[in-house]
Each structure stands twice: as structure tokens, then as C-alpha cells.
Amino acid sequence: MSTWTKPSSQDAHLEEVFGTPVAQLYAAAAGAATPATHRALELRSFLALAEEEVARVRDRVHQYTAPDTDMGTLSASELRFDSQWMDAALSARTQYVTALRELLRAMPPPGTAREGPPKMDQPWATTRPATGIALVGGRPAAQSARGH
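Per this note's numbering, the very first residue in the sequence shown carries number 49; after that it's consecutive.
This is the structure in C-alpha cells:
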């Protein structure tokens, strides 16, 4: 199963920001989409995988600890391993959600594409003096500083 068909907890937020269903976003990204759209969908795919992993570990722990399970089959080392695995999966999920939200917050509103590089209002500074400017006292600065 492809990651774009897996659900994620941020699908509704993506659809709200982009104004289109996630499946259509992936289809549009196959063509000409902005780099931010590609990044958002990539983060969403990673998030969907991390959330699937969280669900797998959760379900496995539930299966181990179900009320009808023989207590003799419980393994502290397996549960400890699943606990570490769950910590890693939840940490990844949290980081993907944070990165995706920050990216979406930084994106310009839909339909407002930037045209070319940003315009600079400040003129460029030069390091050479303009021609025709007289030196202090008509002499080079080193001589006039000595008092000659």
C-alpha cells in the first residue's frame, strides 16, 4: 500500500490549507507543484508511516495484555522492547507533526505565488569612493593624521 493512500492525523489540516483532498494533492504534485507542496506531502507520508507503526505496537501490546491471554506467555523483555519501539515511533510522529505544521504555517496562502526573487529596496553599497571627492586637506589620510 502506498503512503499516499494511508490515512494520517493531519489530513484534515492539509485539506483545509490546500482546499483539496489529499489524494488530489498527490495527483497534482506529480505534475507541477511548488517545492513547499512537495515537502508537505513528503512529511505527510512520513507521518502516515510513523502513525501506522504506533498503531502496530499499540495493537501488539493490547494483544499481549488482553484479559483472556495466558499470563505465562507474557514476556517482560518483549514488552520492554515494545515500550522502546513505541517511544521511538511516538517521538518520530511528534516531530513530523511539528515540522508539517511549521511548514504549512510558513507557506503563502493558496493562489499567491511569488514572482521571481524578492525585490530589494536598499541600494547596493560599494567599497570604492566615488570619483571627484577630494581627500581631507588635499592629502592622503595617513599624512594628514600626522599633522603635516
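Backbone N, C-alpha and C fix where the C-beta goes; we use that ideal spot for every residue, glycine too. As the structure is a computational prediction, the values presented were derived from the model and not from experiment.
For a cut-off of 8 Å, the C-beta gap from LEU95 to ARG141 is around 7 Å, short enough to register as a contact.
The three-state secondary structure of LEU122, taken from DSSP, is coil. In this chain, the alpha helix (DSSP H) harbouring SER93 covers 83-112. Going by beta carbons, ARG92 and LEU62 fall inside the 8 Å limit.
One Cα belongs to ARG108, the other to SER139, and the distance between them is close to 18 Å. Using a C-beta cut-off of 8 Å, the stretch 64-84 makes no contact with the stretch 107-121, since fewer than three inter-stretch Cβ pairs fall below that distance.
Taking a 10 Å sphere around the C-beta of GLN58, we find 16 or more other C-beta atoms and assign the residue as buried.
Using a 10 angstroms sphere on the CB of SER131, the tally of other CB atoms stays under 16, which defines it as exposed.
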